[in-house]
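S.K.:
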Amino acid sequence: GAGVSQSPRYKVAKRGQDVALRCDPISGHVSLFWYQQALGQGPEFLTYFQNEAQLDKSGLPSDRFFAERPEGSVSTLKIQRTQQEDSAVYLCASSLPGGLNEQFFGPGTRLTVL
Amino acid sequence: QKEVEQDPGPLSVPEGAIVSLNCTYSNSAFQYFMWYRQYSRKGPELLMYTYSSGNKEDGRFTAQVDKSSKYISLFIRDSQPSDSATYLCAMIRAGNNRKLIWGLGTSLAVNP
Numbered sequence: 001g002a003g004v005s006q007s008p009r010y011k012v013a014k015r016g017q018d019v020a021l022r023c024d025p026i027s028g029h030v031s032l033f034w035y036q037q038a039l040g041q042g043p044e045f046l047t048y049f050q051n052e053a054q055l056d057k058s059g060l061p062s063d064r065f066f067a068e069r070p071e072g073s074v075s076t077l078k079i080q081r082t083q084q085e086d087s088a089v090y091l092c093a094s095s096l097p098g099g100l101n102e103q104f105f106g107p108g109t110r111l112t113v114l
Numbered sequence: 115q116k117e118v119e120q121d122p123g124p125l126s127v128p129e130g131a132i133v134s135l136n137c138t139y140s141n142s143a144f145q146y147f148m149w150y151r152q153y154s155r156k157g158p159e160l161l162m163y164t165y166s167s168g169n170k171e172d173g174r175f176t177a178q179v180d181k182s183s184k185y186i187s188l189f190i191r192d193s194q195p196s197d198s199a200t201y202l203c204a205m206i207r208a209g210n211n212r213k214l215i216w217g218l219g220t221s222l223a224v225n226p
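If you're matching them up, the sequences are chains R and F in order.
Residue 22 in the numbering used here is what sits at position 22 of the first sequence, and the numbering runs on without skipping anything.
One gets the numbering used here by counting positions in the second sequence from 1 and adding 114 to each.
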């Protein structure tokens with residue numbers, strides 16, 4: 001399939017552990033977005049890349065959250081010293097550049113912090 | 115107060131009913147308005163988007179935007195059990211890197 005893929009689909013971490021969540025965007029999509037969706041809530045914007053440049057990281061909730069996209073393709077969202085409030089589904093979306101191009105979403109990674 | 119308000123429901127209707135879903139917003143800078151559908155354990159998928167005020171129709175779906183009232187709606191005609199999902203509204207401010215601001219989502223069940 002040619003959609004956005006995310007791995008792992010499910011992750012259980014003990015409080016204090018570091019986790020890394022991966023996103024493979026649609027080939028040719030230069031824009032990449034990360035969102036956090038808590039249970040029963042709408043997604044909340046975390047950060048946005050255009051190619052390898054992180055143009056907006058205003059939604060990252062603390063300095064424990066870090067995202068990178070070093071080669072302008074695959075992106076990793078890293079959460080250090082996880083806390084229970086980090087439990088959520090982390091969604092990745094990609095889109096073509098320019099204008100109002102549709103953001104295509106992956107299935108998300110469900111993170112549970114115990 | 116959140117920038118985008120949406121009643122989470124749940125909403126339960128019989129098959130064939132007309133469904134009305136709504137969002138209100140507080141920031142007049144929003145210019146692009148979207149409706150996404152999200153099935154359980156899946157990512158959101160775009161149903162429709164509109165720019166500024168007006169109506170847009172696509173098959174059984176109609177999206178309406180009333181900027182004067184800061185109110186948007188999605189209507190689903192002849193609803194089907196396969197329409198059972200969570201429906202999220204989302205908006206973008208002009209010149210804001212396409213960062214989506216979302217409502218809570220409304221859970222819809224269409225009963226056969």
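Built from N, CA and C at the ideal position, the CB exists for glycine as well.
1) To which residues does DSSP link S5 (chain R) through a beta bridge?
2) Using a Cβ-Cβ cut-off of less than 9 Å, give me the residues of the region 45-76 of chain R that come near chain F, in sequence order.
3) Apart from the five residues on each side of it in sequence, which residues of its chain come closer than 8 Å, Cβ to Cβ, to D18 (chain R)?
4) Closest by CA to R151 (chain F), which one among F:T164, F:D197, F:D121 and F:R191?
5) Check whether chain F comes within 8 Å of Q41 (chain R), counting only Cβ atoms and requiring the distance to be less than that.
6) Taking the beta strand (DSSP E) that A53 (chain R) falls in, what are its first and last residues?
7) May I have the straight-line CA-CA distance separating R191 (chain F) from E68 (chain R), to the nearest angstrom?
8) Could you check where the beta strand (DSSP E) with N169 (chain F) kicks off and where it finishes?
9) Would you identify the three-state DSSP class for D180 (chain F), choosing helix, strand or coil?
10) How would you call G217 (chain F), buried or exposed, if buried means at least 16 neighbouring beta carbons within 10 angstroms?
11) Does any residue of chain F have a CB that is nearer than 8 Å to the CB of G28 (chain R)?
12) Mind checking if W216 (chain F) is an interface residue toward chain R, Cβ cutoff 8 Å exclusive?
13) Between F:R174, F:N169 and F:Y163, which has its C-alpha nearest L202 (chain F)'s C-alpha?
14) Which residue from R:F49, R:L111 and R:K11 puts its Cα closest to that of S87 (chain R)?
15) For a contact meaning CB atoms closer than 8 Å, what does Q103 (chain R) contact in chain F?
16) List, in order along the chain, the chain F residues whose C-beta lies closer than 8 Å to that of L100 (chain R)?
M.R.: With the given structure in hand:
1) Taking the first residue of the first sequence as 1, we reach residue 5 (chain R) at position 5. According to DSSP, S5 (chain R) bridges with R:D24.
2) F45, Y48, Q50, L55, D56, S58 and G59
3) In the first sequence, residue 18 (chain R) corresponds to position 18, counting from 1. For D18 (chain R), where only same-chain residues beyond five positions count, the Cβ hits under 8 Å are K78, I79, Q80, R81 and T82.
4) Counted from its first residue, the second sequence places residue 151 (chain F) at position 37. Ranking the options by Cα distance to R151 (chain F), first place goes to F:D197.
5) Stepping through the first sequence from its first residue, residue 41 (chain R) is reached at position 41. True, the Cβ-Cβ gap to chain F drops below 8 Å.
6) Stepping through the first sequence from its first residue, residue 53 (chain R) is reached at position 53. Taken as a continuous stretch (DSSP letters only), the beta strand (DSSP E) holding A53 (chain R) covers A53 to D56.
7) Locating residue 191 (chain F) in the second sequence gives position 77, counting from the first residue. Locating residue 68 (chain R) in the first sequence gives position 68, counting from the first residue. So the two alpha carbons sit approximately 43 Å from each other.
8) For the purposes of this step, residue 169 (chain F) is taken as the residue at position 55 of the second sequence. Unbroken beta strand (DSSP E) run through N169 (chain F): G168 to D172.
9) As a position in the second sequence, residue 180 (chain F) is number 66, starting the count at 1. Note: D180 (chain F) maps to strand in three-state DSSP.
10) As a working note, residue 217 (chain F) is residue 103 in the second sequence. Answer is buried; the Cβ neighbour count reaches 16.
11) Here residue 28 (chain R) corresponds to residue number 28 of the first sequence, with the count starting at 1. Answer no: the Cβ-Cβ gap between G28 (chain R) and chain F never drops below 8 Å.
12) What you label residue 216 (chain F) is simply residue 102 of the second sequence in a count that begins at 1. Yes, contact with chain R.
13) What you label residue 202 (chain F) is simply residue 88 of the second sequence in a count that begins at 1. Comparing Cα positions, the closest option is F:Y163.
14) As a working mapping, residue 87 (chain R) is identified with position 87 in the first sequence. Closest option to S87 (chain R), Cα to Cα, is R:L111.
15) Within the first sequence, residue 103 (chain R) is the residue found at index 103, counting from 1. Neighbours of Q103 (chain R) on chain F, chain order: L160, R212 and L214.
16) Position 100 of the first sequence, counted from the first residue, corresponds to residue 100 (chain R). Residues of chain F passing the Cβ test: Y146, Y163, Y165, I206 and R212.
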